[in-house]
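Working notes, beginning with the structure itself.
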Amino acid sequence: MKMLRVARREYLERVRKKTFLIGTILGPVLMGAAILVPGLIFELSPEKQKSVAVIDSTGSIFKEFSEALSDTLESGTPLFKLRNVQFTQEDMDVTRRSLAMEVESDVIDGYIVIPKDIVEEGSATFYGKRVGDVKSLERIESALSTAVSARRLSGEGMDYGQIRRLLRNVELETIQLHKGEERKGEFLLVYFTTFIFIMMLYFTILFWGVAVMRSIVEEKNNRVIEVLLSSLRSFDLMGGKILGVGSVGLTQYAIWAAFALSLSFYGLSTGMLNQYVTFSWVTIVFFVVYYVLGFMFYSTIFASIGSVCNTDQEAQQLQVPVSMCLVFTLIIPMAILRSPDGSFATVVSMIPFFTPIVMFMRINILMPPIWQVALSIAILLGSIYISGMLAAKIFRIGILMYGKRPSLPEILKWLRRAKT
Amino acid sequence: MLEINNVTKQFDGVLAVNSLSLMIEPGCIYGLLGPNGAGKTTTIRMIMGIIEPDEGEIKVFDEPFSEKVRERIGYLPEERGLYRKMKVLDHLVFLAEIKGVPSKVASKRAVEWVRRLELAGWEDKSVESLSKGMQQKMQFISTVLHDPRLVILDEPFTGLDPLNTQLLKDIIVEMKKEGRTVVLSTHLMDQVEKLCERICLINKGSKVLEGKLADIKMEFSQNVIQLRFVGEREQLERHPGVQQVSDFGQELSITLEPDTDPNDVLSHAIRHGRVERFELGEMSLHDIFIAKVREGGGEVDDEDAQSRQA
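From first to last, the protein sequence lines are chains A and B. Residue numbers for the first sequence follow the numbering used here, so the first one is 1 and each next one is one higher. Residue numbers for the second sequence follow the numbering used here, so the first one is 1001 and each next one is one higher.
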């Protein structure tokens, strides 16, 4: 009961703050920018025409190459503007230097050197400033391959027109099977949505967990703590804080959800939204479940850190290893994506530090067996109970300690001695 | 009302409270006195259940510790602290709520108390906009808002001006008249002399002296002289009947050996200087404390105690 009083105070004081309003508005904007902008750039960049110079040492393969590289922009203009550079073997160095200058001053995007023996050796070199444009480079590579293959085949005496027909590219269309239904082209979207949700989980668990920690340090510093502890059990105080702050996080989600819903009802950006985001109610339910559990687990740890520290700086230092566990879950998604039901993904999703994000990700990408989901929730609940009990003990003793921060052995000594 | 039996508490091998026993009767004002670092705050924290004693037991209202018991105690900690951003009235109501008072009752009482302590008009202001003294008064309100039968005040007068000190003293006396028990803990022993019926002097975690203030005063009254004296202080100390001379600047307080005739000392003083005022008087609590500690062969090291606290 008293825990609820603490929770209510914590909740109201936070929700009434201006910073909450600002954070609620800015949060999605910033997160959206962080996620959408690279995606948009990636999506939009091939839209620009690429101009590429070609030094064709064979003197003859340019034609086939430029025919193979026939991609066009949406407007119908060719995607690649190729220039066959005239050169002599003597002034090769000069030619290349002047091409390098052109690259440097963005006149061209790059140049390709096709060696004389490309048909035999099968290698050429691309020089450019932006070698990260994987899509374009892949296109160039496959066009060169086509040209070289054509040359090899015509060496075997085949007709050029015949060769072109034979060497036509195959396009691979991807369709995800979901409960026996075909979902055409949606899987990229699923990954993208999952990633957005993961980022949200990461940010909110970390942000609100640290908020619990900081508010405890603050109460220690302004000495409210002693008044509180003369009325409350330390367990009620800690629990109330976690409940209150966690509810603030949920409120923020609710606001965001309402906002997103009204947007899609409005029809204003449904098209735009559906292009990037796709989710079901299952996603939402598990999102909330793993936010609540993840937050509770991490915030008990953050709470005990806060209770043994005297300043924000001290607490910030101590919380780094804990935050690293969360960051770790952001590093491994590629591994999980590659094999969402593999043993690595399965094991990692059962470790309470990683469960909230990794299990949520697995559920989104490829629904794991239901017993695994249930087990992960059970493990998480058990861990919350244990970390909660430990935190309450550390909290109880640490909270009234001022001055020197206790060392780890000292904390372990408390844990053995203290009753909750 | 409050019973402390052989309670001991150690911190990192330092004895903060050493098998202390106290018995506080209902309806009195009880002074828990001693220098800084004597163990007063630790004792109170154990009464409040904030920390647990290593040994011994504490009973309040003849019951062992429980949440319900705690709801009937009001506690003003030495380390004052409030949420700075909260509104005054909201804050008071919150602190009463966690003592188990329904919020409606709490807010009604809070309004009355705010008026009584001359804080009216500040109810909707944030705590940080209050002056230090006002925050002190607000903290005091939070101590009594849940209508406690036992009120424990740790250094209640620090930071208050004389007017507010008097206001608080009046309220303390009134609470006693209402049948409440008040425990005053302070290192400024002389400040609460007139308030307390019973006192306990503690030093280094152990009880030095306990009893009715009147009895203690009686016991120590005969052998103290208040003297305003122009002359050499050393000459006074040389008199065989003088045990100790405390210099208060304007006046000297002279403690005599037992069975010394104060008139002997007076004539000795007149021979060595000019006596402007002579009074046979009570010993101050502070002097009694020092005398008792010396008697027990102990050292009085206020300074050491103070630095440990800091």
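Yeah, the Cβ is synthetic: ideal placement off N, Cα and C, and Gly gets one too.
Identity of the residue in the options nearest residue i by Cα
i, options, result
"A:ARG416", "A:LEU400, A:ILE399, A:GLY398, A:LEU390", "A:LEU390"
"B:ILE1270", "B:GLY1179, B:VAL1230, B:VAL1069", "B:VAL1230"
"A:MET334", "A:ALA258, A:ILE198, A:GLU104", "A:ILE198"
"B:ASP1259", "B:ARG1294, B:GLN1243, B:GLY1039", "B:GLN1243"
"B:ILE1290", "B:VAL1275, B:VAL1245, B:ASP1261", "B:VAL1245"
"B:ASP1124", "B:HIS1146, B:ASP1287, B:VAL1093", "B:VAL1093"
"A:ALA211", "A:SER407, A:THR19, A:GLU410, A:LEU408", "A:THR19"
"B:THR1143", "B:ASN1223, B:GLY1211, B:GLY1081", "B:GLY1081"
"B:LEU1236", "B:MET1138, B:CYS1200, B:HIS1268", "B:HIS1268"
"B:VAL1224", "B:THR1181, B:ASN1005, B:LYS1194, B:ASN1263", "B:ASN1263"
"A:ARG14", "A:ASP236, A:SER66, A:PHE126, A:LEU250", "A:LEU250"
"A:SER376", "A:TRP281, A:VAL347, A:LEU366, A:GLY244", "A:VAL347"
"A:MET367", "A:VAL248, A:GLY388, A:SER339", "A:SER339"
"A:ILE309", "A:LEU201, A:SER215, A:THR283", "The identity of residue 309 of chain A in the sequence shown is Cys, whereas the question assumes Ile. Comparing Cα positions, the closest option is A:SER215."
"A:VAL288", "A:VAL327, A:GLN252, A:THR329", "A:GLN252"
Chain-ordered neighbours of residue i on chain A, where CB pairs are closer than 8 angstroms
i, result
"B:ILE957", "This structure gives no information on residue 957 of chain B, because the portion of chain B shown stretches from 1001 to 1310."
"B:ARG1070", "SER230, SER231"
"B:PRO1077", "ARG223, GLU226, VAL227, SER230"
Outcome for residue i when other beta-carbon atoms lying within 10 angstroms are tallied against a minimum of 16
i, result
"A:ALA429", "Nothing can be reported for residue 429 of chain A: it is not among the residues displayed for chain A, which extend from 1 to 420."
"B:GLN1166", "exposed"
"B:PRO1053", "buried"
"B:GLU1178", "exposed"
"B:PHE1154", "One point to set straight first is that residue 1154 of chain B is Asp, not Phe, in the sequence displayed. It is buried - the Cβ of B:ASP1154 has at least 16 other Cβ atoms within 10 Å."
"B:ASP1062", "exposed"
"B:GLN1306", "Since pLDDT at B:GLN1306 reaches only 40, below the 50 mark, its modelled position is unreliable, and no value is offered."
"B:GLU1234", "exposed"
"B:ALA1096", "buried"
"A:GLU104", "exposed"
"A:PHE80", "buried"
"A:MET1", "exposed"
"B:PRO1240", "exposed"
"A:MET272", "Any reading at A:MET272 must be qualified, since the residue scores a pLDDT of 49, below 50, and its modelled position is unreliable; no value is offered."
"A:ASP106", "exposed"
"B:GLY1034", "buried"
"A:VAL6", "buried"
"A:GLN319", "buried"
"B:PRO1077", "buried"
"A:GLN275", "Interpretation of A:GLN275 is limited by its pLDDT of 48, a score under 50 that renders its predicted location unreliable; no figure is taken from the coordinates."
"B:GLU1303", "In this prediction, B:GLU1303 has a pLDDT of 43, which is less than 50 and means its spatial position is unreliable; what the coordinates show is noted afterwards. With fewer than 16 Cβ atoms within 10 Å of its Cβ, B:GLU1303 is classed as exposed."
"A:ILE370", "exposed"
"A:VAL170", "exposed"
"A:GLU121", "exposed"
"A:ILE426", "This structure cannot settle anything about residue 426 of chain A, because the visible part of chain A is limited to 1 through 420."
Cβ pair residue i, residue j closer than 8 angstroms
i, j, result
"A:ALA345", "A:VAL358", "yes"
"B:ILE1029", "B:GLU1174", "no"
"B:PRO1148", "B:GLY1074", "yes"
"B:GLU1067", "B:VAL1007", "no"
"A:SER148", "A:ILE55", "The question names Ser, but residue 148 of chain A is Val in the sequence shown. No, these two residues do not count as a Cβ contact at 8 angstroms."
"B:ASN1018", "B:SER1185", "no"
"A:MET213", "A:ALA392", "no"
"A:THR204", "A:MET361", "no"
"B:ILE1202", "B:ILE1047", "no"
"B:LEU1022", "B:VAL1060", "no"
"A:THR295", "A:SER383", "It is worth fixing the name first, because residue 295 of chain A is Phe in this sequence and not Thr. Their beta carbons are not under 8 angstroms apart, which means A:PHE295 does not touch A:SER383 by this criterion."
"A:GLY240", "A:GLU410", "no"
"A:SER450", "A:ARG396", "This structure cannot speak to residue 450 of chain A, because chain A is shown only from 1 to 420."
"B:GLY1027", "B:LYS1194", "no"
"B:CYS1200", "B:LEU1032", "yes"
Partners in chain A for residue i, counting only beta-carbon separations shorter than 9 angstroms
i, result
"B:MET1086", "ARG9, GLU13"
Contact list for residue i against chain B, beta-carbon separation under 8 angstroms
i, result
"A:ASN222", "GLY1081, LEU1082, TYR1083, ARG1084"
"A:ARG5", "PHE1094, GLU1097, ILE1098"
9 angstroms Cβ cut-off: residues of chain B touching residue i
i, result
"A:LYS413", "Here the premise fails: no neighbours, minimum Cβ distance about 11 angstroms."
"A:LEU393", "Note on identity: in this sequence residue 393 of chain A is Lys, with Leu being the wrong assignment. In chain order: nothing, as chain B lies at least about 12 angstroms away."
Contact set between residue i and chain B, taken where Cβ atoms lie within less than 7 angstroms
i, result
"A:LYS2", "ILE1098"
7 angstroms Cβ cut-off: residues of chain A touching residue i
i, result
"B:GLU1048", "According to the sequence shown, residue 1048 of chain B is Met rather than Glu. Here the neighbours are SER230."
Kindly provide the ranges of any beta strand (DSSP E) runs that are 3 or more residues long and lie completely inside the stretch 1036-1075 of chain B, ordered along the chain.
Whole beta strand (DSSP E) segments, 3+ residues: 1055-1060.
Interface residues of the stretch 1128-1145 of chain B facing chain C [CB-CB below 9 angstroms]:
Of the protein chains in the structure, A and B, none is chain C.
Counting only runs of 4+ residues fully inside the stretch 46-91 of chain A, write out the alpha helix (DSSP H) ranges in chain order.
DSSP runs (the alpha helix (DSSP H)) wholly in the stretch 46-91 of chain A: 62-68.
What alpha helix (DSSP H) runs, 4 residues minimum, are completely inside the stretch 133-157 of chain A?
Residue ranges of uninterrupted alpha helix (DSSP H) with 4 or more members, entirely inside the stretch 133-157 of chain A and ordered along the chain, are 134-155.
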